[in-house]
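Numbering (the working numbering), first residue to last: 260 to 784.
We treat Cβ as the ideally placed atom computed from N, Cα and C, and that holds for glycine.
Scroll down for the structure; my scribbles are underneath it.
So this is what it looks like as structure tokens:
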């Protein structure tokens with residue numbers, strides 16, 4: 260078995276071809292069994308291709324090539340396993356090691372540190388760190404901030420930087436011990452698999468022990484608190500505000516200060532001279548202070564904002580979106596809530612809000628009008644026999660839409676607890692991909708910000724979204740008499756390609772009916 264052929268594997272019934280997104284290995288690299296060698300993109304998902312044997316990789320198709328299922332993508336020469344495996348460090352990066360080799364000459368100056376030379380193969384090896392795959396639909400990330408500086412010594416699993424995708428923020432830990440060489444700068448947007456930094460393995464552990472021993476304590480005393488207990492983004496915000504991290508209470512794990520904590524922290528009056536000490540932007544304050552002059556500033560759009568913009572435009576151009584409206588008398592729900600909210604909280608340890616009533620009403624209406632819970636896939640209409648309700652949540656980074664799974668089977672208390680859990684994770688930027696994908700219907704509540712009426716945009720690939728609005732006392736006619744009632748306007752935006760006007764209007768009327776007589780929710784009527 261001298262050569263193993265790697266072919267495009269079957270990845271789904273309706274998928275006939277894939278595109279090579281990026282290679283994680285180079286032609287001629289030594290690869291191990293089950294090591295990820297490249298990323299493949301289909302029209303529905305992104306997945307990783309792993310090596311089926313140890314050996315030397317020979318690439319047959321390039322990045323951007325589109326291949327059919329079963330096509331040859333690469334081969335692995337397994338005949339040279341023993342020879343290559345005996346010196347993986349040399350095979351890892353022969354060119355870079357050759358250049359640093361002369362640099363080993365200064366080693367005699369550190370004669371007392373010569374003991375670690377028992378493993379010279381590790382010294383000088385360059386380990387490339389690449390942007391990891393963080394979710395099916397995420398193709399790029401932005402470097403929010405570096406926790407370490409170029410040339411710093413880093414330990415295994417030490418946090419190097421914070422990355423932002425269009426859906427979440429996460430930390431990148433070091434995959435080796437050595438000296439950090441930064442490739443991507445703060446604000447750079449990198450594709451999945453792109454090199455973000457390099458680590459010179461062993462470069463600062465053997466021969467440089469003496470100089471590193473002096474600065475290490477200084478670094479710990481000056482920045483240790485910030486780096487260990489404050490996220491990189493939060494540290495940057497606090498530094499701009501002139502606030503000592505020790506004066507801020509963190510809401511993260513172990514009291515870690517998160518971005519939201521830094522945003523909420525008030526600026527100290529005393530450190531007023533600190534901003535003046537920054538000579539980088541003297542013109543901006545002068546311009547702002549000048550009377551009669553109009554200021555202007557530019558900020559780079561975040562990955563989240565760019566993706567939101569792209570998707571909203573796509574939805575408007577790719578769907579036949581229409582919105583229908585109705586109004587709901589909220590008095591029955593408010594009366595029921597006021598009657599039982601104290602006992603409810605005492606028993607379930609969570610508040611009884613309006614959202615659980617709306618979620619339950621929507622799940623019942625989706626059963627009655629299943630087409631509202633369906634979506635278009637090519638030339639097929641896919642119906643869901645479950646209700647995964649997406650709830651729009653506003654965060655400092657932008658709008659995110661976590662999902663309540665199988666909401667049709669949950670009780671009022673379970674829904675309220677799940678809403679609180681997801682909202683807290685969204686605020687702290689800890690939502691995972693599995694918590695934000697796969698919803699079948701979305702609810703958005705603009706009423707929390709005072710909105711009276713709106714036309715929400717569909718959360719693709721879903722076919723419908725319902726907008727809640729503020730509750731306002733209005734004069735209405737009930738049983739021939741004019742009375743004052745708390746009224747809320749509801750809006751249902753839907754894809755007219757999937758949902759007819761009759762179904763959309765009937766769906767919203769059913770939701771209205773259930774909310775104006777909430778006992779129907781309890782009796783399943």
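(request) Taking the CB atoms as reference points, tell me whether residue 589 and residue 784 lie closer together than 8 Å. (result) Translated into positions along the chain shown, residue 589 becomes position 330. Translated into positions along the chain shown, residue 784 becomes position 525. Going by C-beta atoms, residue 589 is not nearer than 8 Å to residue 784.
(request) Starting from residue 317, follow the beta strand (DSSP E) in both directions and report where the run begins and ends. (result) Position 58 of the chain shown, counting from 1, holds the residue named residue 317. That run of the beta strand (DSSP E) goes 314-318.
(request) In angstroms with no decimal places, state the Cα-to-Cα distance between residue 499 and residue 403. (result) Within the chain shown, the letter at position 240 stands for residue 499. Within the chain shown, the letter at position 144 stands for residue 403. One C-alpha to the other measures close to 15 Å.
(request) Please report how far the alpha carbon of residue 281 lies from the alpha carbon of residue 292, in whole angstroms. (result) By 1-based counting over the chain shown, the position of residue 281 is 22. By 1-based counting over the chain shown, the position of residue 292 is 33. Each residue's Cα considered, the two are about 19 Å apart.
(message) Quick check: the Cα distance between residue 525 and residue 719, rounded to an integer number of angstroms?
(response) Residue numbering aside, residue 525 sits at position 266 when the chain shown is read from its first letter. Residue numbering aside, residue 719 sits at position 460 when the chain shown is read from its first letter. Straight-line Cα distance between these residues: approximately 38 Å.
(request) Output yes or no for whether 8 Å exceeds the beta carbon distance between residue 726 and residue 713. (result) Within the chain shown, the letter at position 467 stands for residue 726. Within the chain shown, the letter at position 454 stands for residue 713. Yes, they are a contact pair.
(message) With a threshold of 7 Å on Cβ separation, who are the neighbours of residue 398 within its own chain once the five nearest residues in sequence on each side are excluded?
(response) Taking the first residue of the chain shown as position 1, residue 398 is located at position 139. Here the set comprises 450 and 451.
(message) So residue 413 and residue 422 are supposed to be a Cβ contact under 8 Å. How far apart are they, rounded?
(response) The residue labelled residue 413 in the question sits at position 154 within the chain shown. The residue labelled residue 422 in the question sits at position 163 within the chain shown. So it is not a contact: roughly 16 Å between Cβ atoms.
(request) Please report how far the alpha carbon of residue 743 lies from the alpha carbon of residue 594, in whole angstroms. (result) Walking along the chain shown from the start, residue 743 turns up at place 484. Walking along the chain shown from the start, residue 594 turns up at place 335. Computed Cα separation, rounded: 14 Å.
(request) Say whether the stretch 663-675 touches the stretch 604-623, bearing in mind that this needs 3 or more beta-carbon pairs closer than 8 Å, one atom from each stretch. (result) yes
(message) So within the stretch 638-706, which uninterrupted beta strand (DSSP E) runs reach at least 3 residues, ignoring any that extend past its ends?
(response) 639-641, 648-650, 652-654, 657-659 and 700-704
(message) Is the beta carbon of residue 330 closer than 8 Å to that of residue 317?
(response) Here the question's residue 317 lines up with position 58 in the chain shown. Here the question's residue 330 lines up with position 71 in the chain shown. The answer is no: Cβ separation not under 8 Å.
(request) Helix, strand or coil for residue 582, going by three-state DSSP, please let me know. (result) Counting from one through the chain shown, the residue named residue 582 turns up at place 323. Correct three-state label for residue 582: strand.
(request) Give the secondary structure of residue 479 by DSSP, where H, G and I count as helix, E and B as strand, and everything else as coil. (result) In the chain shown, residue 479 corresponds to position 220, counting from 1. Residue placement at residue 479 cannot be trusted, given a pLDDT of 38 that sits under 50; the coordinates are not used to answer.
(message) Please classify residue 634 as buried or exposed, where buried requires at least 16 neighbouring CB atoms within 10 angstroms.
(response) The residue labelled residue 634 in the question sits at position 375 within the chain shown. When all chains shown are included, residue 634 counts as buried.
(request) Please state whether DSSP places residue 429 in a helix, a strand or coil. (result) In the chain shown, the residue the question calls residue 429 occupies position 170. Strand.
(message) Just to check my reading of the structure: residue 715 and residue 752 have Cβ atoms closer than 8 Å, yes? What is that Cβ distance to the nearest angstrom?
(response) Start at 1 with the first residue of the chain shown, and residue 715 comes out as number 456. Start at 1 with the first residue of the chain shown, and residue 752 comes out as number 493. Right, the Cβ-Cβ distance comes to about 5 Å (below 8 Å), so this counts as a contact.
(message) With a threshold of 7 Å (Cβ to nearest heavy atom), would residue 403 be considered close to the ligand ADP?
(response) Questions concerning the ligand ADP fall outside what the structure shown contains, since it holds no ligand whatsoever.
(request) Could you work out which residue in 287, 728 and 277 is closest to residue 300 when comparing CA atoms only? (result) One-based indexing of the chain shown puts residue 300 at position 41. The shortest C-alpha separation from residue 300 is found at 277.
(request) Verify whether the separation of the beta carbon atoms of residue 690 and residue 655 is less than 8 Å. (result) As a first step, residue 690 is located in the chain shown; it is residue number 431 there, counting from the start. As a first step, residue 655 is located in the chain shown; it is residue number 396 there, counting from the start. Against a cut-off of 8 Å, the Cβ pair of residue 655 and residue 690 comes out as no contact.
(message) Between 768, 509 and 650, which has its C-alpha nearest residue 796's C-alpha?
(response) This structure does not reach residue 796, given that the chain is present from 260 up to 784, and the question cannot be answered.
(message) Here's the rule I'm using: 16 or more other beta-carbon atoms within 10 Å means buried, otherwise exposed. How should residue 755 be labelled?
(response) Taking the first residue of the chain shown as 1, we reach residue 755 at position 496. With fewer than 16 Cβ atoms within 10 Å of its Cβ, residue 755 is classed as exposed.
(message) Could you compute how far the alpha carbon of residue 506 sits from the alpha carbon of residue 493?
(response) In the chain shown, counting from the first residue as 1, residue 506 sits at position 247. In the chain shown, counting from the first residue as 1, residue 493 sits at position 234. So the alpha carbons of these two residues sit roughly 13 Å apart.
(request) Determine, using beta-carbon pairs with one atom in the stretch 633-649 and one in the stretch 567-577, whether at least three such pairs fall under 8 Å. (result) no
(message) Taking the beta strand (DSSP E) that residue 300 belongs to, which residues open and close that run?
(response) Looking up residue 300 in the chain shown gives position 41. That run of the beta strand (DSSP E) goes 295-300.
(request) Please say whether residue 679 and residue 609 have beta carbons closer to each other than 8 Å? (result) Within the chain shown, numbered from 1, the residue matching residue 609 stands at position 350. Within the chain shown, numbered from 1, the residue matching residue 679 stands at position 420. Contact: yes.
(message) Using a 10 Å radius around the Cβ and a threshold of 16 neighbouring Cβ atoms, would you call residue 576 buried or exposed?
(response) In the chain shown, counting from the first residue as 1, residue 576 sits at position 317. The residue in question, residue 576, is exposed, as its Cβ has fewer than 16 Cβ neighbours within 10 Å.
(message) For residue 389 and residue 283, which I take to be in contact (beta-carbon distance under 8 Å), what is that distance rounded to the nearest angstrom?
(response) Residue numbering aside, residue 389 sits at position 130 when the chain shown is read from its first letter. Residue numbering aside, residue 283 sits at position 24 when the chain shown is read from its first letter. 7 Å between Cβ atoms; contact.
(message) What does the alpha-carbon distance come out to for the pair residue 323 and residue 442?
(response) Taking the chain shown and counting its residues from 1, one reaches residue 323 at position 64. Taking the chain shown and counting its residues from 1, one reaches residue 442 at position 183. Spanning the two alpha carbons is a distance of roughly 23 Å.
(message) My output table needs one value for residue 757: the three-state DSSP class, helix, strand or coil.
(response) On the chain shown, position 498 is the one that residue 757 refers to. Reduced to three states, the DSSP call for residue 757 is coil.
(request) Give the straight-line distance between the Cα atoms of residue 554 and residue 730, rounded to the nearest whole angstrom. (result) Within the chain shown, the letter at position 295 stands for residue 554. Within the chain shown, the letter at position 471 stands for residue 730. So the two alpha carbons sit approximately 38 Å from each other.
(request) Can you tell me the Cβ-Cβ gap for residue 749 and residue 587, rounded? I've got them flagged as a contact below 8 Å. (result) Translated into the one-based positions of the chain shown, residue 749 becomes position 490. Translated into the one-based positions of the chain shown, residue 587 becomes position 328. At roughly 6 Å, the Cβ-Cβ gap stays under 8 Å, so residue 749 and residue 587 are in contact.
(message) So if DSSP puts residue 404 in a beta bridge, which residue, or which two residues, is it bridged to?
(response) Against the chain shown, residue 404 aligns to sequence position 145. DSSP, once it has assigned bridges, lists 421 as partnering residue 404.
(message) Am I right that residue 307 and residue 298 are in contact with their C-beta atoms under 8 Å? What's the rounded C-beta distance?
(response) Start at 1 with the first residue of the chain shown, and residue 307 comes out as number 48. Start at 1 with the first residue of the chain shown, and residue 298 comes out as number 39. At roughly 6 Å, the Cβ-Cβ gap stays under 8 Å, so residue 307 and residue 298 are in contact.
(request) Could you tell me the distance, in whole angstroms, from the CA atom of residue 557 to the CA atom of residue 446? (result) Taking the chain shown and counting its residues from 1, one reaches residue 557 at position 298. Taking the chain shown and counting its residues from 1, one reaches residue 446 at position 187. The alpha-carbon atoms of residue 557 and residue 446 are separated by roughly 14 Å.
(message) By DSSP's criteria, residue 725 is part of a beta bridge. Which residues make up the other side?
(response) The sequence position of residue 725 within the chain shown is 466, counting from 1. Paired residues: 702 and 751.
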